[in-house]
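Remarks on the structure that follows.
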Amino acid sequence: MVVTANPKTWEPLEADSGRSGETKTFSLAESPSKVELVQVHEKKGEEVDLAQAKIVVGAGRGFKKQEDLKLAKDLAELLGGALGCSRPLAADLKWLGEEHWIGLSGNEIKPRLYIACGISGQIQHITGCRGAKTIVAINQDEDAPIFEHADYGIVGDVYDVLPKLADHLKAKVTS
Numbered sequence: 010m011v012v013t014a015n016p017k018t019w020e021p022l023e024a025d026s027g028r029s030g031e032t033k034t035f036s037l038a039e040s041p042s043k044v045e046l047v048q049v050h051e052k053k054g055e056e057v058d059l060a061q062a063k064i065v066v067g068a069g070r071g072f073k074k075q076e077d078l079k080l081a082k083d084l085a086e087l088l089g090g091a092l093g094c095s096r097p098l099a100a101d102l103k104w105l106g107e108e109h110w111i112g113l114s115g116n117e118i119k120p121r122l123y124i125a126c127g128i129s130g131q132i133q134h135i136t137g138c139r140g141a142k143t144i145v146a147i148n149q150d151e152d153a154p155i156f157e158h159a160d161y162g163i164v165g166d167v168y169d170v171l172p173k174l175a176d177h178l179k180a181k182v183t184s
């Protein structure tokens, strides 16, 4: 039987110095492997560790062009956070590397703050971000499923909301 769990699925337990255990060594008969290495894919893109980020700004299909992701990236940098994305941006459009992908087949995140920008909120994505302490959703579709999971929601276009939010935050920092 094989059991797997995503990182940070559970909080670590307190150390218990009163517990002890024993180590057992097993000998396994080696048999020829039936596994064949067919291809190696080099990891491309920037280093990003969404699992460790305290703040994550996620980008979704609400962005019309790859270069427009700068709006989300700038907000993430302003907040000292990391840029993530939904499946279509990483897997289909390849606008960002898979290390940015948040969701069932991507990264499971547990930041203090997750800002979902232009993300509809399909269950696969929600599975990856449900551990966030606070979720802020920005989407122009007031019926988008992401709002059912958000602590705060802004119904609006990311092209209107993100520049205003960034300007407001910059003004707060400089005052």
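Residue numbering for the sequence shown follows the numbering used here, starting at 10 and increasing by one per position.
We put the CB at the ideal spot given by N, CA and C, even for glycine.
With C-beta atoms as the reference, is residue i less than 8 Å away from residue j?
i: Ile144; j: Leu59; result: no
i: Leu171; j: Cys126; result: yes
i: Ala146; j: Phe156; result: yes
i: Ile111; j: Ser95; result: yes
i: His134; j: Val57; result: no
i: Leu98; j: Leu105; result: yes
i: Leu92; j: Lys103; result: no
i: Leu84; j: Ala175; result: yes
With DSSP as the reference, identify every bridge partner of residue i, one or two as the case may be.
i: Gly67; result: Gly93, Ala125
i: Ile111; result: Asn116
i: Ile163; result: Ile147
So for residue i, helix, strand or coil by DSSP?
i: Ala60; result: coil
i: Ile85; result: It should be noted that the sequence gives Ala, not Ile, for residue 85. Note: Ala85 maps to helix in three-state DSSP.
i: Gly137; result: helix
i: Ala146; result: strand
i: Ile118; result: coil
i: Val205; result: Here the chain comprises residues numbered 10 to 184, so residue 205 is not present and cannot be evaluated.
i: His158; result: coil
i: Val12; result: coil
i: Lys74; result: coil
i: Val44; result: coil
Would you decide whether residue i is buried or exposed? Buried here means 16 or more other CB atoms lie within 10 Å of its CB.
i: Val66; result: buried
i: Tyr161; result: exposed
i: Ala180; result: exposed
i: Ala68; result: buried
i: Ile132; result: exposed
Could you say if the stretch 59-73 and the stretch 32-42 meet the contact criterion of at least three C-beta pairs nearer than 8 Å?
The stretch 59-73, when compared against the stretch 32-42, does not touch it at the 8 Å Cβ threshold.
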